[in-house]
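Take the sequence shown: its position 178, counted from the start at 1, is 190 in the working numbering, and no numbers get skipped. Remarks on the structure that follows.
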Amino acid sequence: MITDPTAVFFVLAAVVWVAVVLEARFAVFRSVGSAFLSIALGLVLSNAGVIPGTSPAYDFLVGPAVSAGIVLILLSVDFRTVMKAGPTMLAAFGIGALGTAIGATVGAFLLRGGVGPETWKLAGQYTATYTGGGANFAAVGAALDTSGELFAAGIAADVIITGVWLMVCLMAPVLFARTGREEAAAPSPHAAPGSTPVAAVEDEESGGLQERLYAAVGSVRLTDLGALATIVLGCLWVSGWLGERFPLPSVIWLTTLALLLAQIPRVQGIRGAAVVGNYLILIFLASNGAKSVVANIVALGPSVVYFALVTVAIHGVIIFGIGRLVGLDLRTLAVASQANIGGPASAMAIATARGYTDKLLPGVAVGLLGYAVGNYIGLAVAAGLEGVLG
13 MITDPTAVFF
23 VLAAVVWVAV
33 VLEARFAVFR
43 SVGSAFLSIA
53 LGLVLSNAGV
63 IPGTSPAYDF
73 LVGPAVSAGI
83 VLILLSVDFR
93 TVMKAGPTML
103 AAFGIGALGT
113 AIGATVGAFL
123 LRGGVGPETW
133 KLAGQYTATY
143 TGGGANFAAV
153 GAALDTSGEL
163 FAAGIAADVI
173 ITGVWLMVCL
183 MAPVLFARTG
193 REEAAAPSPH
203 AAPGSTPVAA
213 VEDEESGGLQ
223 ERLYAAVGSV
233 RLTDLGALAT
243 IVLGCLWVSG
253 WLGERFPLPS
263 VIWLTTLALL
273 LAQIPRVQGI
283 RGAAVVGNYL
293 ILIFLASNGA
303 KSVVANIVAL
313 GPSVVYFALV
323 TVAIHGVIIF
333 GIGRLVGLDL
343 RTLAVASQAN
353 IGGPASAMAI
363 ATARGYTDKL
373 LPGVAVGLLG
383 YAVGNYIGLA
393 VAAGLEGVLG
């Protein structure tokens with residue numbers, strides 16, 4: 013097994029390269045996208061014993077690397093895109109949050125015998141994490157004083173189910189789209205020359221983001237790279253400083269700073285931000301796949317895994333079922349679901365990978381909303397179940 017962090021980075025870089033090449037050259041892989049391929053290849057390699065399920069490389073990618081990717085992609089986003097899908101995205105997010113709370117409650121009643129006396133605590137943690145993201149899992153667990161063993165088991169199950177659900181959301185609009193327009197709204201960035209899909213028209217209004225995710229417009233100069241490095245490191249530093257002094261997660265400050273800077277014309281003229289940010293998101297997704305080691309979950313016992321699975325499955329049935337009944341499109345539902353389950357970075361990954369340029373900012377916005385409300389909803393569910401399950 014390859015354990016050296018540098019070698020693990022090499023493998024992950026190769027995974028992303030292979031995924032992008034496969035997407036570009038073969039129609040069958042183009043339909044699933046490089047994000048799905050990166051996760052799947054990482055998962056296969058880790059479960060085959062080629063790379064480990066835990067590594068300092070993954071810790072770096074889930075921290076500074078994905079934060080840098082968020083900044084770089086947001087530097088290419090125009091506020092006008094929010095107007096395209098904001099209200100529907102918020103509605104989809106609300107349906108998803110309701111589905112998560114119902115799913116965790118049902119899971120608690122079904123699996124309390126297997127999970128044990130702290131079932132209500134885990135229900136609160138799963139509600140929190142599948143409303144806003146992984147940061148909420150840790151916050152609610154600390155607030156409820158969940159035992160170390162159950163906490164670790166819950167995290168392991170969360171990683172597996174979150175990775176699987178990310179792949180489901182990547183594929184759902186392709187597999188279950190009902191109309192040709194929904195398919196056309198999310199073309200591959202490697203579409204045949206001369207084609208003019210709907211998303212390409214929308215993308216003109218957002219500054220050509222879809223194209224810039226895969227190729228810089230014009231040559232990237234050393235001054236561009238210097239400016240990008242300065243902006244990214246500055247945003248990381250300032251957001252961390254603000255996060256220590258004000259009662260808001262640093263990711264909220266990070267996103268706000270990046271979005272404000274993105275509206276400055278001189279910053280918009282910097283080349284290469286989107287393509288570098290897209291690469292960092294893809295290698296982050298590959299590491300998520302690598303962390304999904306099935307053997308680790310089996311060793312912990314099935315009840316905790318089933319709990320996470322039931323919670324996310326019911327969330328999925330409700331958000332896609334009710335969402336479609338009230339007329340919401342599959343692209344919005346997929347991005348909103350990832351904002352619930354994985355947080356802003358995962359919502360951005362879905363929007364980026366599938367070319368949903370009009371869903372990028374709304375997806376990040378509701379992901380941040382999930383961070384804000386996830387802890388409250390999780391603690392409320394835990395308190396209600398404690399009175400019933402004790």
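Beta carbons: idealized from backbone N, C-alpha and C, even for Gly.
The Cβ neighbour count for serine 349, taken over all protein chains shown within 10 Å, is at least 16; the residue is labelled buried. By the Cβ test, the segment 76-91 is not in contact with the segment 324-334, since fewer than three Cβ pairs between them sit closer than 8 Å. Only buried fits threonine 158, as 16 or more other CB atoms lie within 10 angstroms of its CB. Here glutamine 137 carries a helix assignment [DSSP, helix/strand/coil]. In this structure, the beta-carbon distance from threonine 143 to asparagine 352 falls below 7 Å.
Note on geometry: alpha-carbon atoms of glycine 289 and leucine 245 lie some 14 Å from one another.
Here tyrosine 318 has Leu123 as same chain residues with Cβ atoms under 7 Å from its own Cβ, once five neighbours each way along the sequence are excluded. Ranking Ala39, Val338, Leu345 and Val62 by CA distance to the CA of glycine 328 puts Leu345 first. Secondary structure of glycine 333 (DSSP, three-state): helix. The beta carbons of leucine 321 and tryptophan 132 sit no closer together than 7 Å. At a Cβ-Cβ threshold of 7 Å, asparagine 300 and alanine 140 do not count as neighbours. Taking 4 residues as the minimum length, the alpha helix (DSSP H) runs contained wholly in the segment 321-366 are 342-353 and 356-366, in order along the chain. Shown here, isoleucine 243 sits in a helix according to DSSP, grouped into three states.
Closest in alpha carbon position to aspartate 170, among Gly354, Ala19 and Pro68, is Gly354.
With 16 or more other Cβ atoms inside 10 Å of its own Cβ, serine 315 counts as buried. Counting every other CB atom within 10 Å of its CB across the protein chains shown gives proline 374 a total of 16 or more, marking it as buried. The continuous alpha helix (DSSP H) containing serine 262 extends over residues 262-274. Taking the Cα positions, glycine 81 is about 42 Å away from leucine 401.
Here the alpha carbons of phenylalanine 149 and glutamine 137 stand approximately 5 Å from one another. Distance check between leucine 182 and each of Gly390, Val385, Ala361 and Leu391 places Ala361 closest, using alpha-carbon atoms only. Non-local C-beta neighbours of serine 251 in its own chain, meaning closer than 7 Å and more than five positions away in sequence, comprise Ser262, Trp265, Leu266 and Leu269, ordered along the chain. A direct Cα-Cα distance of roughly 22 Å separates valine 152 from tryptophan 177.
For glycine 108, the CB contacts under 7 Å within the same chain, skipping 5 residues up- and downstream, are His327, Ile331, Ala348, Ser349 and Asn352 in chain order.
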